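What follows is a short report on a single structure.
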Amino acid sequence: MKSLLDQSGLRLQFSGHETFPPKYGWFKKSFDAVRDSERRGQSDNKSIFLSSDAISRFGVGRNMVPAMRHWAMACGILRPIGDTRNPDYQTTEVGRLIFEDASRDPYL
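In numbering that gives the first Met the number 0, the protein residues as written are 0 to 107.
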């Protein structure tokens with residue numbers, strides 16, 4: 000039997016959450032920000048989590064913005080595309096299934 004560590008292309012990461020567990024609303028806020036950029040046809044959306052207005056856009060503290068990005072990717076809501084150091088972001092099928100307009104969970 001193979002373990003997860005035997006998978007090709009696996010990228011392990013033990014940092015990025017800034018010691019914050021995922022908080023209520025983070026997944027939806029992250030999804031909505033990236034989905035809005037997709038709907039506007041913006042292929043370059045790397046600034047969503049890096050721009051100076053990210054704190055006010057998401058309504059969280061400075062250290063929470065990278066944690067939001069980390070948890071959204073770790074849970075499969077968003078995926079990085081392109082450059083591994085400074086990627087753009089894309090919503091995933093799982094993210095769309097959960098958070099799209101006719102979502103499966105009306106409480107999120």
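Glycine residues also receive a C-beta, built at the ideal position from the N, C-alpha and C atoms. Note that the coordinates shown come from a computational prediction; the quantities given were computed from them, not determined experimentally.
For the beta strand (DSSP E) that residue i lies in, which residues bound it at each end?
i, result
"leucine 77", "77-80"
"aspartate 87", "87-90"
Can you tell me which of the three DSSP states residue i falls into?
i, result
"glycine 94", "helix"
"arginine 56", "helix"
"glutamate 37", "helix"
"phenylalanine 48", "coil"
"lysine 27", "helix"
"aspartate 100", "coil"
"aspartate 43", "coil"
What residues in its chain sit with their C-beta under 8 Å from that of residue i, if we drop five residues either side in the sequence?
i, result
"glutamate 17", "Asn62, Met63, Pro65, Ala66, His69"
"isoleucine 80", "Pro86, Asp87, Tyr88, Gln89"
"aspartate 31", "Phe98"
Starting from the C-beta of residue i, find all residues in its chain whose C-beta is less than 6 Å away, skip the five residues before and the five after it, and write them out in chain order.
i, result
"glycine 75", "Thr91, Val93"
"phenylalanine 48", "Val64, Arg68"
"arginine 78", "Gln89, Thr91"
"methionine 72", "none"
I'd like the list of long-range same chain contacts for residue i, defined as Cβ closer than 7 Å, with 5 residues on each side in sequence excluded.
i, result
"asparagine 44", "Val33, Ser36, Asp87, Tyr88"
In the DSSP assignment, find the unbroken alpha helix (DSSP H) run with residue i in it and report its ends.
i, result
"proline 20", "From DSSP, proline 20 is part of no alpha helix (DSSP H); its letter is neither H nor E."
"arginine 68", "63-73"
For the structure I just gave you, are there three or more beta carbon pairs, one from the region 26-41 and one from the region 62-78, closer than 8 Å?
yes
contact_flag[the region 85-104, the region 54-65] where n(CB pairs < 8 Å) is 3 or more:
no
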